Amino acid sequence: MAIEYCDNQPLDPVEVIRVFEASGIVRPIKDISRIAQMFANANVVISAWDGTRLIGVSRGLTDFSYCCYLSDLAVDVAYQKRGIARELIRRTRSILGERISLVILASPGAMACYPKLGFTLADNAFFIRRKC
Numbered sequence: 001m002a003i004e005y006c007d008n009q010p011l012d013p014v015e016v017i018r019v020f021e022a023s024g025i026v027r028p029i030k031d032i033s034r035i036a037q038m039f040a041n042a043n044v045v046i047s048a049w050d051g052t053r054l055i056g057v058s059r060g061l062t063d064f065s066y067c068c069y070l071s072d073l074a075v076d077v078a079y080q081k082r083g084i085a086r087e088l089i090r091r092t093r094s095i096l097g098e099r100i101s102l103v104i105l106a107s108p109g110a111m112a113c114y115p116k117l118g119f120t121l122a123d124n125a126f127f128i129r130r131k132c
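Position one of the sequence shown corresponds to residue 1 (full-length UniProt numbering), numbered consecutively onward.
Here it is in structure tokens:
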């Protein structure tokens, strides 16, 4: 079956949590209301589907003018290495346009993946960690 993609479709937070768990991404999966709020407040959400099964998601926060923080990029491990993450990024960039930088924070285990997806390692970033 072909993978289908949807732009800004409301997602069931339970299904998002399942994808997060299946992808290995670390998120507050015990807090369903927080997951729901994360997606309700996003500007750009792209989802990947195998039939009725959610298998991948990207979530971005942007000003639609200068930059976009790609705060989630997750693909179920059973579907990885099929170009789904690349397509989620491509579709996000298609919505944003070429004038907008795409920024992502990588977990240590995913550092090698992002250059393959077109990202350049930045050495000029700072952040304040959340407390929970």
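Every residue, glycine too, gets a C-beta built ideally from N, C-alpha and C.
This structure is a prediction, so every number in the text was calculated from the model and none was measured.
For Ile-29, which residues from the same chain have a beta carbon less than 8 Å from its beta carbon, with the 5 sequence-adjacent residues on both sides left out? Within the sequence shown, the letter at position 29 stands for residue 29. Within the same chain, Ile-29 has close Cβ partners Ile-17, Phe-20, Glu-21, Ile-35.
Where do the ends of the alpha helix (DSSP H) carrying Ala-40 lie? What you label residue 40 is simply residue 40 of the sequence shown in a count that begins at 1. Where Ala-40 is concerned, the enclosing alpha helix (DSSP H) stretches over 32-40.
Can you determine whether any heavy atom of the ligand ATP sits closer than 7 Å to the C-beta of Cys-6, and answer yes or no? Here there are no bound small molecules, and the ligand ATP is not part of this structure.
For Ile-46, list the residues DSSP reports as bridge partners. In the sequence shown, residue 46 corresponds to position 46, counting from 1. Ile-46 pairs with Asp-7, Ser-58.
How is the alpha helix (DSSP H) around Val-19 delimited, first residue to last? Taking the sequence shown and counting its residues from 1, one reaches residue 19 at position 19. Note, Val-19: alpha helix (DSSP H), 13-23.
Using the three-state DSSP reduction, which class does Cys-67 fall into: helix, strand or coil? The residue given as residue 67 occupies position 67 in the sequence shown. Residue state, collapsed to three classes: strand.
Can at least three beta-carbon pairs, one atom from the stretch 96-108 and one from the stretch 76-83, be found at a separation below 8 Å? no
In this structure, does DSSP put Asp-86 in helix, strand or coil? Taking the sequence shown and counting its residues from 1, the one referred to as residue 86 is at position 86. The residue asked about is misnamed: residue 86 is Arg in this sequence, not Asp. Note: Arg-86 maps to helix in three-state DSSP.
Is the separation between the beta-carbon of Thr-92 and that of Ser-47 shorter than 8 Å? Position 92 of the sequence shown holds residue 92. Position 47 of the sequence shown holds residue 47. Cβ atoms of Thr-92 and Ser-47: not closer than 8 Å.
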